[in-house]
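These protein sequences, in sequence, are chains A, B and C.
With the numbering used here as the guide, the letters of the first sequence map in order to residues 2 to 316.
With the numbering used here as the guide, the letters of the second sequence map in order to residues 23 to 302.
With the numbering used here as the guide, the letters of the third sequence map in order to residues 126 to 425.
Glycine included, C-beta positions come from ideal geometry on N, C-alpha and C.
As structure tokens, the structure follows; a few thoughts come after it.
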Amino acid sequence: MFDLIQYIFDGLAVGSVYALIALGYSMVFGVLQLVNFAHGELFMVGAYFVMYAISLGLPWHLALVVGMCCVGFFAVAMERFCYKPLRGAGKLAPLITAVGLSLLLQNLVQAILGSNPQSYPATLPDGTVFGFIKSLFPPVDQVTLPQLPEGLFDWGQIVVRHRDLLIFVVAIAVTLGLELFLRKTRPGQGIRALALQPNAARLVGVPFDRTISLTFFIGAALAVVAGLLQGMADNQVTPYMGISSGLKAFAAAVLGGIGVIPGALLGGLVLGIAERLLVGYDLSTYKDGAAFFILILVLLLRPQGLLGKARMVKV
Amino acid sequence: MNSTSNHGSSEFLLKVENLTIRFGGLVAVQNFSLRVPARQIVGLIGPNGAGKTTVFNLMTGVYKPNQGTVYLQETELTGRGAHVIARSGVARTFQNIRLFAGLTVLENVIAAASWQRRGQSVASLFALPAVALKEKKLLESARKLLEFVGLSSYENWEATSLPYGLQRKLEIARAMMTNPKVLLLDEPAAGMNPTEKDELAKLVRSICDVHGLGVLLIEHDMKFVMNLCANITVLDHGEVIAVGSPLEIQKNPKVIEAYLGAEETTGEGTAAASGQGSHS
Amino acid sequence: MTVQEFLQYSILPLIFFGITAIQALGLQLILGGAGLLSLGHAAFYAVGGYSAAAFTVYAAPALGLTDPTLLMLLSLVVGALSALAAGFLVAVPCLRLQGDYLAMATLGFAEILGTALKNIDAVGGTRGFGNIPKLSSLPWVFVTLALVWWALARFRRTGLGMAIQATRDDEIAARSLGISTYSAKLSAFVIGSAIAGIAGALYVHAVQFISPDEADFSRSVIIVLAVVIGGMTSLSGSVLGALILVVVPEALRHNDTLREQRMIYFALIVIFVMLFSPKGLQSLFMRFMPKAAQQRGGTR
Chain A
2 MFDLIQYIFD
12 GLAVGSVYAL
22 IALGYSMVFG
32 VLQLVNFAHG
42 ELFMVGAYFV
52 MYAISLGLPW
62 HLALVVGMCC
72 VGFFAVAMER
82 FCYKPLRGAG
92 KLAPLITAVG
102 LSLLLQNLVQ
112 AILGSNPQSY
122 PATLPDGTVF
132 GFIKSLFPPV
142 DQVTLPQLPE
152 GLFDWGQIVV
162 RHRDLLIFVV
172 AIAVTLGLEL
182 FLRKTRPGQG
192 IRALALQPNA
202 ARLVGVPFDR
212 TISLTFFIGA
222 ALAVVAGLLQ
232 GMADNQVTPY
242 MGISSGLKAF
252 AAAVLGGIGV
262 IPGALLGGLV
272 LGIAERLLVG
282 YDLSTYKDGA
292 AFFILILVLL
302 LRPQGLLGKA
312 RMVKV
Chain B
23 MNSTSNHGSS
33 EFLLKVENLT
43 IRFGGLVAVQ
53 NFSLRVPARQ
63 IVGLIGPNGA
73 GKTTVFNLMT
83 GVYKPNQGTV
93 YLQETELTGR
103 GAHVIARSGV
113 ARTFQNIRLF
123 AGLTVLENVI
133 AAASWQRRGQ
143 SVASLFALPA
153 VALKEKKLLE
163 SARKLLEFVG
173 LSSYENWEAT
183 SLPYGLQRKL
193 EIARAMMTNP
203 KVLLLDEPAA
213 GMNPTEKDEL
223 AKLVRSICDV
233 HGLGVLLIEH
243 DMKFVMNLCA
253 NITVLDHGEV
263 IAVGSPLEIQ
273 KNPKVIEAYL
283 GAEETTGEGT
293 AAASGQGSHS
Chain C
126 MTVQEFLQYS
136 ILPLIFFGIT
146 AIQALGLQLI
156 LGGAGLLSLG
166 HAAFYAVGGY
176 SAAAFTVYAA
186 PALGLTDPTL
196 LMLLSLVVGA
206 LSALAAGFLV
216 AVPCLRLQGD
226 YLAMATLGFA
236 EILGTALKNI
246 DAVGGTRGFG
256 NIPKLSSLPW
266 VFVTLALVWW
276 ALARFRRTGL
286 GMAIQATRDD
296 EIAARSLGIS
306 TYSAKLSAFV
316 IGSAIAGIAG
326 ALYVHAVQFI
336 SPDEADFSRS
346 VIIVLAVVIG
356 GMTSLSGSVL
366 GALILVVVPE
376 ALRHNDTLRE
386 QRMIYFALIV
396 IFVMLFSPKG
406 LQSLFMRFMP
416 KAAQQRGGTR
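Now the structure itself:
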């Protein structure tokens, strides 16, 4: 029983990273009905970018902001030059282009920086980077949850790592912030309008191209946040981290309901926990298949996802 | 007017009754009824957004109606799959031309015979004599249809590289390759110049007279409709507001109002109100 | 290097080329023929390979079959049928899904399949399946390639072949002409998978080994690259693509940097092809042969 709860807590962290990546898939799919296959690579590029920025001496928060902007603009350029010319050319061409882009980024990074994993300059619990957060918590690698006075569970047996908690809190905060942005600000409402009714949105003056660019920018920026967190959690980055996490994040987006912001968070968490459970119960060889098993199950049984509403298909 | 009026003398091929479809809360088509007799051209007109194409989509199985029935002679087609309806003998063309872009003109027509060649794929793979004759006949009838619509010399063109007017004719030839009993034409004259329209009118007439089909056509060009159709149904806001001969329709105050009421179609409204069948 | 050495050295790359070409031809039917993106084509290839290997290793001795030619022929049938069945299982539910979802679902199925293969001990698990008898050879591969190519070229003209192409170009129009678009797509997917299975059977009996990595996403991507680079719409394009993907790395054998970076260039070519020349490199070559290019689309 304690194992189970422990695994669930452990799964929250990896699930939160999936969730942050899934948000980008979800938003882009919402406005363009395109699976931006290269989105996972933005996560990977972001992780590298921030890592090098920190190595160059930038403080972590500045490095993160610079990384978010640069990768964000890169994603905007990618859309402009590779996806935009293919609008109206059917679904196949942009999708194949996206696969090509993914392959390109992965191999470019590998060619430039080598395929060996690179160490992150800072780790979450200790190190200087998150020192200020560390100071808020007891100075240990593991926090023990407060003991409950009485009850069936001995909470003393469950340990939650510091960094996991932090990653989870960041994911929740980002999702809430994004949801708020999409509901309360004009550009955010533009994105929602485009996802709901592209033609009507254009008619009432939502700037189409700019809104698409904004969507790609935000998605990429969130992927960079995820990249930083993942890099710090694993203490390393590799050129291949994008493809595996990216595909799983896509599964998470579909699971939660693609185009639904809280859905991406829920999907990511469920997937992360499921994977952790498999590892915990000695089924780790099935771990990588699990995400896709869930993906296919959802596609077949409830294509709109856990939190999505069924949409009518236009003929 | 010189429209043939053997109305009532022939049995109805296509019989549509009380078709209704709602999209969400919007009633797109309500209680739509219509009959298409053999060897007759029936017109379906109405202002933009009246629901004409939706009616076609309901009859051909693209949408499933919430209420109502569609019969082709004795066969009920209501709510069947689009390909089942097509196989039963209802063929159509599309307002926004839908040719097969990757195929040549001749291949577009032959593709329409695909389902008639079911179960022969293995045999035709090895060119077995059992199907060789059938295949030859198929090719002949495809060529005949291309000749019929005047596209013989374009056989090997890529379908979408044809001029607009010819693409519409190719769609007609392709639809006829399914050996239909009823042909539904969705704005066949759109984008054509007057000469082309005259040719098209002759073509549609001979589809009826020579091939013996019933034709239902949606068209915005009133002169074209008034000249060609024996019977016209007028649709507005998803409901039938008038049925009758071209003369009756032109005089119908409801029709005039529907057209004049819709700002954008004033020009057409005048045509509906005063359009004279000047030539055939 | 003597001629003999060169030939000796060329055999394996040629076998790889032939097998990649057969895989690509199968995917061409799905991707170029039916317009469906399968990102799990290598999985069907692996299914075919594993089944064919299991047949010759376990089933054949039990049945007392020893004649190598007969065994190879039977294993081709086993490979094709098992991949066909796998394709059927994947396609029946997945074809209900639209475009992008279908691609992801096929990818998902391939990953699940790879995971499953890693967990089956009878076929070696993660270590791979070895000690498979050597039954196929270069002639086997090339004769099969020629037959598959020939059959697919003829298949396009059949009723089903036309129905598949019509479905690719416009599903609504195809249905309005009596074509069951679902069965057209299903047939394309299943036949394409079966062809991948044939390639798998040839592979295991030439290399005498197969591992779960063969079902990997990266393998599927290679096949997609071959089809797209050569030109999705033509069979010869797929063979050309396979030739480029297999021969270019071999030719770059002495240039390590270029060889390592080859995927970058392949990825760039794919993006370039999609943006500027959707008919692939083959159509670029055709431009240098004006007469051949004008045959199609010209007046006659």
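Whose C-alpha, out of the options, is nearest the C-alpha of residue i?
i	options	result
LEU209/C	ALA184/C, ILE257/C and PHE314/C	PHE314/C
LEU114/A	VAL238/A, LYS185/A and ALA39/A	VAL238/A
VAL207/A	ALA221/A, ALA222/A and GLN190/A	GLN190/A
GLN119/A	GLY232/A, PHE217/A and VAL171/A	GLY232/A
ILE132/B	ALA205/C, LEU285/C and GLY253/C	LEU285/C
ALA181/B	ALA135/B, ALA123/B and PHE148/B	ALA123/B
VAL205/A	ILE192/A, PHE217/A and THR216/A	ILE192/A
LEU256/A	PHE294/A, SER56/A and MET45/A	PHE294/A
ASN79/B	THR42/B, GLN62/B, PHE148/B and GLY47/B	THR42/B
ALA201/A	ASP4/A, VAL18/A and VAL32/A	VAL32/A
ASP341/C	LEU406/C, ALA241/C, ILE320/C and GLY249/C	ALA241/C
TRP167/A	ILE6/A, ASP11/A and LEU279/A	Per the sequence shown, the amino acid found at residue 167/A is Leu instead of Trp. The candidate whose alpha carbon is nearest that of LEU167/A is ASP11/A.
ALA252/B	PRO202/B, LEU173/B, LEU269/B and ALA195/B	LEU269/B
With the cut-off set at 8 Å, would you say residue i and residue j are in Cβ contact?
i	j	result
ILE345/A	MET399/C	The structure shown does not extend to residue 345/A, since chain A is modelled only from 2 to 316, so the question has no answer here.
ILE237/C	GLY290/A	yes
ALA367/C	GLY174/C	no
VAL106/B	GLY236/B	no
ALA234/A	ALA14/A	yes
PHE217/A	ALA20/A	no
ILE297/A	GLY233/C	yes
THR91/B	THR82/B	no
With a threshold of 16 other CB atoms inside 10 Å of the CB of residue i, please say whether the residue is buried or exposed.
i	result
ASN256/C	exposed
HIS40/A	buried
TRP275/C	exposed
GLN133/C	exposed
VAL128/C	exposed
ILE303/C	The identity of residue 303/C in the sequence shown is Gly, whereas the question assumes Ile. Buried, since its Cβ has 16 or more Cβ neighbours within 10 Å.
TYR8/A	buried
LYS86/B	exposed
LYS219/B	buried
THR194/C	exposed
LEU272/C	exposed
TYR281/B	buried
ILE63/B	buried
ASN274/B	buried
LYS310/C	buried
PRO147/A	The pLDDT assigned to PRO147/A is 30, lower than 50, so where the model puts this residue is not dependable, and the model offers no usable value.
LYS158/B	exposed
Report the neighbours of residue i on chain B: residues whose CB is nearer than 7 Å to its CB, in chain order.
i	result
ASP295/C	ARG120 and PHE122
GLY303/C	HIS105, ALA108, ARG109, TRP137 and THR200
So which residues of chain C does residue i contact, with C-beta pairs closer than 8 Å?
i	result
ARG102/B	Within 8 Å Cβ-Cβ: nothing; ARG102/B doesn't reach chain C, min ~11 Å.
THR98/A	VAL395, ILE396, MET399 and LEU400
PHE251/A	MET229
List the residues of chain B whose Cβ lies closer than 8 Å to the Cβ of residue i, in chain order.
i	result
GLY366/C	Result: empty, since nearest Cβ-Cβ is about 18 Å, beyond 8 Å.
Just to make sure I have the definition right: I need the residues of chain A whose C-beta is within less than 7 Å of the C-beta of residue i. Which are they?
i	result
MET197/C	Near MET197/C there are no residues of chain A at all, since even the closest Cβ is about 32 Å away, more than 7 Å.
Taking residue i as the query, report the chain C residues whose CB atoms sit under 9 Å from its CB, ordered along the chain.
i	result
ALA50/B	Simply none; closest approach about 18 Å.
Quick one: does the C-beta of residue i sit closer than 7 Å to a heavy atom of the ligand ADP?
i	result
LEU156/C	The model on display carries no ligand, and the ligand ADP is accordingly not part of it.
Which residues in chain A sit within 8 Å of residue i, going by Cβ to Cβ distance?
i	result
LYS243/C	THR286
Any residues in the region 268 to 292 of chain A with a beta carbon nearer than 7 Å to a beta carbon of chain C? Which ones, in chain order?
Along the region 268 to 292 of chain A, the positions whose C-beta sits under 7 Å from a C-beta of chain C are THR286, TYR287, ASP289 and GLY290, read in chain order.
Would you list, in chain order, the members of the region 36 to 54 of chain A that have their beta-carbon closer than 9 Å to a beta-carbon of chain C?
Listed by position, the residues of the region 36 to 54 of chain A near chain C (Cβ gap below 9 Å) are VAL36 and PHE38.
Listed from N- to C-terminal order along the chain, which residues in the region 137 to 161 of chain B have their beta-carbon within a distance smaller than 7 Å of any beta-carbon of chain C?
Residues passing the 7 Å Cβ filter: TRP137, ARG139, ARG140, GLN142, SER143, SER146 and LEU147.
For the region 260 to 292 of chain C, list every residue whose C-beta sits within 8 Å of some C-beta in chain B, in sequence order.
If the cut-off is 8 Å between Cβ atoms, the region 260 to 292 of chain C has ALA276, ARG279, PHE280, ARG282, THR283, GLY284, LEU285, GLY286, MET287, ALA288, GLN290 and ALA291 near chain B.
Proximal residues, the region 174 to 200 of chain A versus chain C, C-beta separation under 9 Å:
The region 174 to 200 of chain A vs chain C, Cβ under 9 Å: nothing.
What are the residues in the region 66 to 84 of chain B lying within 8 Å of chain C by C-beta distance?
Taking 8 Å as the Cβ-Cβ cut-off against chain C, the residues of the region 66 to 84 of chain B that qualify are THR82, GLY83 and VAL84.
Contact set between the region 100 to 113 of chain A and chain C, restricted to residues whose Cβ is under 7 Å from the partner
Using a CB distance below 7 Å, the part of the region 100 to 113 of chain A facing chain C consists of VAL100, GLY101, LEU102, LEU104, LEU105, ASN108, LEU109 and ALA112, ordered along the chain.
Between the region 174 to 208 of chain C and chain B, which residues of the former have CB atoms less than 7 Å from a CB of the latter, in chain order?
Listed in sequence order: no entries.
Proximal residues, the region 73 to 86 of chain A versus chain C, C-beta separation under 7 Å:
Residues are counted here when their Cβ sits less than 7 Å from a Cβ of chain C; for the region 73 to 86 of chain A these are CYS83 and PRO86, given in chain order.
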